[in-house]
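K.L.:
Before we start, here is the structure in question, set down as structure tokens.
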Amino acid sequence: MAKGWILAASVLAASPVLAHAAPQDEQSVQSEIEMLKQKLAELEQRLAEQEQKKEQMQQRHEEMMTRKDYKKGAKKRTRATDEAAADSGVQARLAKLEEKTEENENWPIKVHGAVRFQYEYNNYNSGNENRTGDLDFDIFRLNFDGEIGDVILSAEYRWFHYMDTVKHAWFGYNFTDNWQGQVGVVKVPFGNMPYNSHSYFFNSTFYVGLEDEHDNGIRLLYRDDQWQFDIAYHKSDEQGGVDGSTSDRTARYNYDTVGIRLPGQGAYDTPGLAVGESNSYAVRGARVFTFADDHNLEVGLSAQGNNYYSGTVAEGFEQYAQYNDQNVGNRFAWGAHANYNNGPWNVQLQYADYEYDLEVENRGVYMGAYAYYDAIPTEAKIYTGNVAYTLPVEIGPITSLTFYNDHSIITDKAGYQDDTWMNVLGVAVAAGGGFYTYVDYVRAKNQPFIGGNIATDGGEVNDRFNINFGYYF
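Just so you know, the sequence shown maps onto residues -21 to -1, 1 to 452 in mature numbering (1 follows the signal peptide of the UniProt record, and there is no 0).
Shown next as structure tokens:
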């Protein structure tokens, strides 16, 4: 009714009858008023009918909602046949619209990703130092995660300005509430998971292939409140081994052994003898002690064994041709880890030990990743210790600050005297529900990406200040 009076007032205000009422006689004015009253009554009746129709449609919609069977994954809902015939199809159209909306909101495969940029200032590149650092595009990535018909999908692909690569891509199935199987490019279980670090730079374990590693194979997981078990078999690395169909064996997210460093070769040379991983295994077990909802301790052991098969020796190394196309050795690695959480605090400790047993005379092996070859020794021990504190805040769009210090040492290297060490002091800033930034100060010696190499003696201590901005969607 209020709507009717407002409309009447608008009509009356605009009426030419009232605008020129003075010169007209009283009968004419009265006639015009009666006409306006009639029009007003008609408008009020139409409004009332529309309101009644809206109430009926809402009632029908609520009735449909109560009758819908919301079984997970269902795309078709049962409806009474008498409702389908009623309302000249309005109810059916509403049901179809509701079903379509529900399908969009619950699309089985979620597509998401990230865009990241990076500012870097260091003291080991004179050009960078003279320019007061550089701001570069870092990465664009897409993720696909979900489940269709009880079959799970998880995949991630990354584009850098100098390469593109798969990180992981697997499908899986939950056999029970505790057991899951995965097939594809799966994570290699080892040590603290999913990461043995808090910073953008990981820990030194990443650069020898013992952190966030992924390979082609099968992985079986067991999880409950107290125990974690992983068993994995890997047929090859994510590029398909030494003869995989790829144009660049260094275009990888994680570090893999891709060659043998023959006598006379430098730390960053193309391998004299290419090798690839095949027929490998990994096992991991962990026990979780829960003291309170946000207070727990995980301790565990890991082991993995890798076999390496050769390709063809490079030009200039024909004296090693007898090692072409065969199994040229293996690697065994094991580790012990602990991960402690107490409210906002997190502490990670890990020890890892690896050793290659190769038939070929060598000065180490080459790892490939991020469009580079990087040599490492054939034997070493790695100690890592990390601590982090997460502080919830309300500073504009900023919701949390995670302060951390990650430290790692690689020592007892075969054929080399100097240790590798890296310390990362930083803070991770979360804001706006999708914006995540790492601010890191890195100080290191003989460390990849910080002006050094693991298979080197006599390196210098280098510094790098790094800000990595990321928007996650």
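Heads up, the beta-carbon is just placed ideally off N, CA and C, and yes, glycines get one too.
1) Under three-state DSSP, which class holds K392?
2) In the structure shown, what three-state DSSP assignment does Y349 receive?
3) Nearest to Q426 by alpha carbon, out of D227, I197, N402?
4) On the three-pair Cβ rule with 8 Å, is the region 169 to 184 touching the region 402 to 419?
5) Enumerate in chain order the residues of its own chain whose CB-to-CB distance from T269 is below 6 Å, with the five nearest sequence positions on each side excluded.
6) Could you give the DSSP three-state label for N183: helix, strand or coil?
7) Leaving out five residues on either side along the sequence, give the residues of the same chain with a beta carbon under 6 Å from the beta carbon of N171.
8) Looking at C-alpha atoms only, which residue of G343, H147, N320 is the closest neighbour of D124?
9) Should V90 be labelled buried (16 or more other beta-carbon atoms within 10 Å of its own) or exposed?
10) For the alpha helix (DSSP H) containing S105, name the first residue and the last one.
11) With a threshold of 16 other CB atoms inside 10 Å of the CB of F452, please say whether the residue is buried or exposed.
12) Less than 7 Å between the CB of L404 and some heavy atom of the ligand MG, yes or no?
13) So the beta strand (DSSP E) T144 belongs to, where does it begin and stop?
14) So which of Y417, A261, N341 has the shortest CA-CA distance to V167?
15) To the nearest whole angstrom, what separates the beta carbons of Y450 and G413, a pair I think is in contact under 8 Å?
16) What's the gap between the Cα of K214 and the Cα of L121?
17) Which residue from D191, D304, R263 puts its Cα closest to that of Q207?
18) With N303 and S289 assumed to form a contact (beta carbons below 8 Å), what rounded beta-carbon distance in angstroms separates them?
19) Quick check on F119 - is its C-beta less than 8 Å from some C-beta in chain B?
20) In terms of residues, what are the limits of the beta strand (DSSP E) holding N258?
21) Could you check whether N109 and N101 sit closer than 8 Å to each other, using their CB atoms as the reference points?
22) Suppose you measure from the CA of R46 to the CA of S257; what does that come to, to the nearest Å?
23) At a cut of 8 Å, does the region 186 to 202 reach the region 153 to 165 through at least three beta carbon pairs?
24) From which residue to which residue does the beta strand (DSSP E) around T291 run?
25) Considering only residues of the same chain and omitting the five flanking positions on each side of L114, which have a CB-CB separation below 6 Å?
26) Rounded to a whole number of angstroms, what is the C-alpha to C-alpha distance between L200 and Q159?
27) Put T45 into one of helix, strand or coil per three-state DSSP.
28) Go ahead and label G431 buried or exposed: buried means 16 or more other beta carbons lie within 10 angstroms of its beta carbon, across all protein chains shown.
29) Assuming G279 and R266 make a contact with CB atoms under 8 Å, what is their CB distance in whole Å?
30) So what does DSSP say about Q159, is it helix, strand or coil?
31) Three-state secondary structure (DSSP) at Q327?
32) Below 8 Å, how does it come out for the region 236 to 255 and the region 339 to 358: are there three or more Cβ pairs, yes or no?
33) Using C-beta distances below 6 Å, list every residue in its chain close to S387, excluding the 5 sequence neighbours before and after it, in chain order.
34) Hey, out of F428, I389, G188, Y345, whose CA is closest to L252's CA?
35) What is the DSSP secondary structure of A300, counted as helix, strand or coil?
36) Measuring alpha carbon to alpha carbon, tell me which residue in I127, P250, A434, G411 is nearest W86.
P.N.:
The short version:
1) Against the sequence shown, residue 392 aligns to sequence position 413. Correct three-state label for K392: coil.
2) Along the sequence shown, one-based indexing puts residue 349 at 370. Looking at Y349 - three-state DSSP - the assignment turns out to be coil, as it is neither helix nor strand.
3) Taking the sequence shown and counting its residues from 1, one reaches residue 426 at position 447. The shortest C-alpha separation from Q426 is found at N402.
4) yes
5) As a first step, residue 269 is located in the sequence shown; it is residue number 290 there, counting from the start. N275, listed in sequence order.
6) For the purposes of this step, residue 183 is identified with residue 204 of the sequence shown, where counting begins at 1. Note that residue 183 is Ser in the sequence shown, not Asn. In this structure, S183 counts as helix in the three-state DSSP scheme.
7) By 1-based counting over the sequence shown, the position of residue 171 is 192. So the list reads H316, N318, Q327, Q329, once near-sequence residues are dropped.
8) Counting from one through the sequence shown, the residue named residue 124 turns up at place 145. Comparing Cα positions, the closest option is H147.
9) Within the sequence shown, residue 90 is the residue found at index 111, counting from 1. V90 comes out exposed.
10) Locating residue 105 in the sequence shown gives position 126, where the first residue counts as 1. 105 to 109 is the extent of the alpha helix (DSSP H) around S105.
11) Taking the first residue of the sequence shown as position 1, residue 452 is located at position 473. So F452 counts as exposed.
12) Because no ligand of any kind appears in the structure shown, any question about the ligand MG cannot be addressed here.
13) Counting from 1 along the sequence shown, the entry for residue 144 is found at position 165. From DSSP, the beta strand (DSSP E) with T144 extends over 143 to 153.
14) For the purposes of this step, residue 167 is taken as residue 188 along the sequence shown, with counting starting at 1. With distances taken between Cα atoms, V167 lies closest to A261.
15) Residue mapping note: residue 450 aligns to position 471 of the sequence shown, counting from 1. Residue mapping note: residue 413 aligns to position 434 of the sequence shown, counting from 1. Y450 to G413, Cβ: 6 Å. Contact.
16) Counting from one through the sequence shown, the residue named residue 214 turns up at place 235. Counting from one through the sequence shown, the residue named residue 121 turns up at place 142. Each residue's alpha carbon lies about 26 Å from the other.
17) Stepping through the sequence shown from its first residue, residue 207 is reached at position 228. Ranking D191, D304, R263 by Cα distance to Q207 puts R263 first.
18) One-based indexing of the sequence shown puts residue 303 at position 324. One-based indexing of the sequence shown puts residue 289 at position 310. 6 Å between Cβ atoms; contact.
19) Of the protein chains in this structure there is only one, and it is not chain B.
20) Position 279 of the sequence shown holds residue 258. Residues 252 to 271.
21) Within the sequence shown, residue 101 is the residue found at index 122, counting from 1. Within the sequence shown, residue 109 is the residue found at index 130, counting from 1. Against a cut-off of 8 Å, the Cβ pair of N109 and N101 comes out as no contact.
22) Your numbering for residue 46 matches position 67 in the sequence shown. Your numbering for residue 257 matches position 278 in the sequence shown. Annotation note: pLDDT 39 at R46 (below 50); position unreliable, coordinate value reported separately. Approximately 55 Å, taken between the alpha carbons.
23) yes
24) Locating residue 291 in the sequence shown gives position 312, where the first residue counts as 1. Counting along the chain, the beta strand (DSSP E) containing T291 begins and ends at 274 to 292.
25) Within the sequence shown, residue 114 is the residue found at index 135, counting from 1. Cβ within range, chain order: Y98.
26) For the purposes of this step, residue 200 is taken as the residue at position 221 of the sequence shown. For the purposes of this step, residue 159 is taken as the residue at position 180 of the sequence shown. Straight-line Cα distance between these residues: approximately 5 Å.
27) Mapped onto the sequence shown, residue 45 falls at position 66. Only weak support exists for where T45 lies, its pLDDT of 42 falling under 50; the value from the coordinates is given anyway. DSSP places T45 in helix when its eight states are reduced to three.
28) Reading the sequence shown from its first residue, position 452 is the one you call residue 431. The residue is buried, with at least 16 neighbouring Cβ atoms inside 10 Å.
29) In the sequence shown, counting from the first residue as 1, residue 279 sits at position 300. In the sequence shown, counting from the first residue as 1, residue 266 sits at position 287. 7 Å between Cβ atoms; contact.
30) As a first step, residue 159 is located in the sequence shown; it is residue number 180 there, counting from the start. Here Q159 sits in strand by DSSP.
31) The count along the sequence shown starts at 1 and reaches residue 327 at position 348. It is a strand residue.
32) yes
33) As a working mapping, residue 387 is identified with position 408 in the sequence shown. Counting only Cβ-Cβ distances below 6 Å, and skipping sequence neighbours, we find N182, S183, T363, M401.
34) In the sequence shown, counting from the first residue as 1, residue 252 sits at position 273. Here the closest residue by C-alpha is Y345.
35) Position 321 of the sequence shown, counting from 1, holds the residue named residue 300. A300 falls in the helix class under three-state DSSP.
36) Translated into positions along the sequence shown, residue 86 becomes position 107. Checking every option, the nearest Cα to that of W86 belongs to I127.
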